[in-house]
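J.:
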Amino acid sequence: MDPIPYLPLSAQTISSLAVGQIQRPVSVNTMDSPVPSRSGFSERHTPQYNSSLKKHTPSQNNSSLATSEEKKPVSRIVEKLDSHSDSIVYPGKVQVTFITIALCLSILLVALDQTIVATAVPKITDHFQALDDVAWYGSAYLLTTASFQLPFGKIYTLFSVKWTFLAAISIFELGSLVCGVAQSSKALIVGRAIAGLGCAGIYSGGLIIVSYSVPLRQQPIYNGIISSTWGIASVAGPLMGGVFTEKISWRLCFIINLPIGIVTALGIMLFFHPPRVQRSTATGVFGYVKLFDIIGCFVLVSAVVLLFLALQWGGSKYTWKSGYTIGLLVAFGVLVVIFIGIQLWMQDNATVPPRILKNRSILAGVAFSFMLGGSFFTMVFYIPIWFQAIRGKTAVSSGIDNIPMLLGVVVASTLAGASVSAFGYYTPFMIASAVFSAVGAGLLTTLQVDTGHARWIGYQAMFGLGIGLGMQQPIAAAQTVLQLADIASGTALIVFAESLGGSLFLSVGQSIFTNKLIDGLVSQVPNLDPSIVLQTGAVGLKYAIDPEYLPDVLAAYNHAITKTFCVSVALSCFTIFGAIFTEWKSVKGNKPVVAAA
Numbered sequence: 001m002d003p004i005p006y007l008p009l010s011a012q013t014i015s016s017l018a019v020g021q022i023q024r025p026v027s028v029n030t031m032d033s034p035v036p037s038r039s040g041f042s043e044r045h046t047p048q049y050n051s052s053l054k055k056h057t058p059s060q061n062n063s064s065l066a067t068s069e070e071k072k073p074v075s076r077i078v079e080k081l082d083s084h085s086d087s088i089v090y091p092g093k094v095q096v097t098f099i100t101i102a103l104c105l106s107i108l109l110v111a112l113d114q115t116i117v118a119t120a121v122p123k124i125t126d127h128f129q130a131l132d133d134v135a136w137y138g139s140a141y142l143l144t145t146a147s148f149q150l151p152f153g154k155i156y157t158l159f160s161v162k163w164t165f166l167a168a169i170s171i172f173e174l175g176s177l178v179c180g181v182a183q184s185s186k187a188l189i190v191g192r193a194i195a196g197l198g199c200a201g202i203y204s205g206g207l208i209i210v211s212y213s214v215p216l217r218q219q220p221i222y223n224g225i226i227s228s229t230w231g232i233a234s235v236a237g238p239l240m241g242g243v244f245t246e247k248i249s250w251r252l253c254f255i256i257n258l259p260i261g262i263v264t265a266l267g268i269m270l271f272f273h274p275p276r277v278q279r280s281t282a283t284g285v286f287g288y289v290k291l292f293d294i295i296g297c298f299v300l301v302s303a304v305v306l307l308f309l310a311l312q313w314g315g316s317k318y319t320w321k322s323g324y325t326i327g328l329l330v331a332f333g334v335l336v337v338i339f340i341g342i343q344l345w346m347q348d349n350a351t352v353p354p355r356i357l358k359n360r361s362i363l364a365g366v367a368f369s370f371m372l373g374g375s376f377f378t379m380v381f382y383i384p385i386w387f388q389a390i391r392g393k394t395a396v397s398s399g400i401d402n403i404p405m406l407l408g409v410v411v412a413s414t415l416a417g418a419s420v421s422a423f424g425y426y427t428p429f430m431i432a433s434a435v436f437s438a439v440g441a442g443l444l445t446t447l448q449v450d451t452g453h454a455r456w457i458g459y460q461a462m463f464g465l466g467i468g469l470g471m472q473q474p475i476a477a478a479q480t481v482l483q484l485a486d487i488a489s490g491t492a493l494i495v496f497a498e499s500l501g502g503s504l505f506l507s508v509g510q511s512i513f514t515n516k517l518i519d520g521l522v523s524q525v526p527n528l529d530p531s532i533v534l535q536t537g538a539v540g541l542k543y544a545i546d547p548e549y550l551p552d553v554l555a556a557y558n559h560a561i562t563k564t565f566c567v568s569v570a571l572s573c574f575t576i577f578g579a580i581f582t583e584w585k586s587v588k589g590n591k592p593v594v595a596a597a
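Going by UniProt numbering, the residue at position 376 of the sequence shown is 376; the numbering climbs one at a time, nothing skipped.
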């Protein structure tokens, strides 16, 4: 791909830029684009531009100009990469505040939608009389979310960040509307799939917008706020779903997204204005098709679909050893190999450019996020089940009892973001995350039927602290080590890894839970048909089981759940490898600007 030509800069232009008289780069044709460099100029021409700056050093008169300029009120933040580089102009504090609120609302949308439906499923299945479709209410959403995260990352590099993000919000809102007014189970599943497609572009898009809105050294704070919102919504979702379902209607779980989405879209439209840079060199539909790597995206989506089908059917519709399950997994592996080959062939135009994967911090961050996502979502799903089955709590009260983990995530995410901005380094927090989350998850495996409040509160808080400390750090690493043109792809890759880890290990956890529960029931309560317990569900367990068998059933249930927690223990321990292989780079240092390969 040929470098984008820019008009040569005169000494006068450079001097004007140095004192802030020119706020946007001079180019042939400009538009809102997702791929500016930190300076607003082509990454490929940065070295030549810096050299020209050295040749045309501003005179003493220019210094006096700068002094007088400093006395004027400044409504925007200007970050300089080094003493010889130009500047990128960021929004002022008021605009950033409204952008942050809008982004938090967008994250609230997608995080709530991943968990809020769980407590509404019983009512939905009763309404539609479609028990066989239960699994698809969650899987349809996760399937499209995971499948299109990397393609959305590519879209963000080709088109306007602002309008791509708004398009993702619109798609999500459409899916929520379809779900809210669905008159059949099939329509609800279609709506969930549409909402998942929109979700794929929202979370990564929000993090990309942060990189355009505040200087690098401040980005960890805002990433921490976003991560806190994600943590709050992930834990509060089941609680809200229970309240809506019990007090009003299950449809409100979806309709509530509409006003929130509208406010989010208005906030981004009014207050977020990305830099104007050189228009893409692509011309016509075929030009964009070539840049988009449509073949690679198709292979990727197909691979993710096959993986999800294998995880969905394995151990339920088909055994793990059946030809169907093995065939799906083998086909998934083949498509992954093909996808990698396509990426190597496409190079800079690939969905995941190989130059990004050559970066040690990105590979380490992907591994860290994959395992942390699996650990977190396993606990988010199974801790409420422990409260409902073992403690006899309702869906609402189990959500309340889950608050200690929520607070741990929120407090740690916020403090970690502020600390990274203050001290510069994010790697120590990844290491601390591995330690705290592993210890917290390990303590949660010791829960018993009669465990007191102090223990399950403290254990959850410990685990939440670990998750909160590390959740945002791979994103901070990507924003630090990658040039701005690659941040969209790098961010999407990390978010994809986190979502894939959550989806994959939820299925692994489900398999462990089911097998351990059946084994425990067979050994401890041989006179009770295990299918009765499996079909009863967690909430009605104490009411459906004969009191004579109940203590042994609860013991078997507790053993199965705590064994499932071992998945989180193992994954949290393995995150340490992602942490220690992450480079020690500071968000406060000068960010190197490297031309794309």
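C-beta atoms are modelled at their ideal positions from N, C-alpha and C, and glycine is treated no differently.
In the DSSP assignment, what are the bridge partners of Gly314?
T.: In the sequence shown, counting from the first residue as 1, residue 314 sits at position 314. Paired residue(s): Tyr318.
J.: Give every residue of the same chain whose Cβ lies closer than 7 Å to the Cβ of residue 602, excluding the five residues on either side of it in the sequence, and list them in chain order.
T.: This structure gives no information on residue 602, because the portion of the chain shown stretches from 1 to 597.
J.: For the alpha helix (DSSP H) containing residue 599, list its first residue and its last residue.
T.: Any question about residue 599 goes unanswered here, given that the chain covers just 1 to 597.
J.: Quick one: complete alpha helix (DSSP H) runs, 4+ long, within the stretch 466-529?
T.: 473-481 and 484-524
J.: Count the CB pairs spanning the stretch 350-369 and the stretch 145-156 that are closer than 8 Å, and state whether there are at least three.
T.: yes
J.: Determine, using beta carbons only, whether Ala364 and Ala477 come nearer to each other than 9 Å.
T.: As a first step, residue 364 is located in the sequence shown; it is residue number 364 there, counting from the start. As a first step, residue 477 is located in the sequence shown; it is residue number 477 there, counting from the start. Cβ atoms of Ala364 and Ala477: closer than 9 Å.
J.: Would Ala367 pass as a contact of Ser572 if the rule is Cβ separation under 9 Å?
T.: Residue numbering aside, residue 367 sits at position 367 when the sequence shown is read from its first letter. Residue numbering aside, residue 572 sits at position 572 when the sequence shown is read from its first letter. No, they are not a contact pair.
J.: Report the residue from Ser227, Ile209 and Ile202 whose alpha carbon sits nearest the alpha carbon of Leu465.
T.: Within the sequence shown, numbered from 1, the residue matching residue 465 stands at position 465. Among Ser227, Ile209 and Ile202, the Cα nearest to that of Leu465 is on Ser227.
J.: Alpha helix (DSSP H) containing Gly261: first to last residue?
T.: Here residue 261 is taken as the residue at index 261 of the sequence shown, counted from 1. Its alpha helix (DSSP H) spans residues Asn257 to Phe271.
J.: Residues bridged to Ser586 by DSSP?
T.: In the sequence shown, counting from the first residue as 1, residue 586 sits at position 586. Per DSSP, Tyr425.
J.: Report yes if the CB atom of Ser398 is closer than 9 Å to the CB atom of Phe387, and no otherwise.
T.: Your numbering for residue 398 matches position 398 in the sequence shown. Your numbering for residue 387 matches position 387 in the sequence shown. The answer is yes: Cβ separation under 9 Å.
J.: Compare the C-beta of Pro220 against all C-beta atoms of chain B and say whether one is closer than 9 Å.
T.: Going by chain labels, chain B is absent from the structure shown, which holds only one protein chain.
J.: Taking all protein chains shown into account, decide if Ile268 is buried (16 or more other Cβ within 10 angstroms of its Cβ) or exposed.
T.: Mapped onto the sequence shown, residue 268 falls at position 268. The residue is buried, with at least 16 neighbouring Cβ atoms inside 10 Å.
J.: Taking the alpha-carbon positions, what's the Gly261 to Ser375 distance?
T.: Looking up residue 261 in the sequence shown gives position 261. Looking up residue 375 in the sequence shown gives position 375. Their Cα atoms are separated by approximately 29 Å.
J.: Short check: CB of Glu173 to CB of Leu372, under 9 Å?
T.: Sequence index remark: in the sequence shown, residue 173 carries index 173 (1-based). Sequence index remark: in the sequence shown, residue 372 carries index 372 (1-based). Contact: no.
J.: Leu344 lies in the alpha helix (DSSP H); which residues open and close that run?
T.: For the purposes of this step, residue 344 is taken as residue 344 along the sequence shown, with counting starting at 1. Taken as a continuous stretch (DSSP letters only), the alpha helix (DSSP H) holding Leu344 covers Gly323 to Met346.
J.: Does DSSP put Ile532 in a helix, in a strand, or in coil?
T.: In the sequence shown, the residue the question calls residue 532 occupies position 532. DSSP places Ile532 in helix when its eight states are reduced to three.
J.: Here's a check: name, in chain order, each residue in its chain whose Cβ is nearer than 6 Å to the Cβ of Ala120, leaving out the five neighbours to either side.
T.: Your numbering for residue 120 matches position 120 in the sequence shown. Same-chain partners within the cutoff: Gly241, Thr245, Trp250 and Cys253.
J.: Can you tell me where the alpha helix (DSSP H) holding Asn558 begins and where it ends?
T.: Translated into the one-based positions of the sequence shown, residue 558 becomes position 558. Asn558 -> alpha helix (DSSP H) spans Leu550 to Ile580.
J.: Classify residue 598 as helix, strand or coil using the three-state DSSP reduction.
T.: Residue 598 is absent from the structure shown; the chain starts at 1 and stops at 597.
J.: Buried or exposed: where does Ile580 fall if 16 or more other Cβ atoms within 10 Å of its Cβ makes it buried?
T.: Translated into positions along the sequence shown, residue 580 becomes position 580. Exposed.
J.: If you compare alpha carbons, which of Pro404, Ile342, Met405 and Ala432 is closest to Ala416?
T.: Taking the sequence shown and counting its residues from 1, one reaches residue 416 at position 416. When only C-alpha atoms are compared, the closest one is Ala432.
J.: Let me know the secondary structure DSSP gives Ser433 once reduced to three states.
T.: Locating residue 433 in the sequence shown gives position 433, where the first residue counts as 1. Here Ser433 sits in helix by DSSP.
J.: Over what stretch of residues does the alpha helix (DSSP H) that includes Pro354 continue unbroken?
T.: Counting from 1 along the sequence shown, the entry for residue 354 is found at position 354. Run containing Pro354: Pro354 to Leu357, per the alpha helix (DSSP H) assignment.
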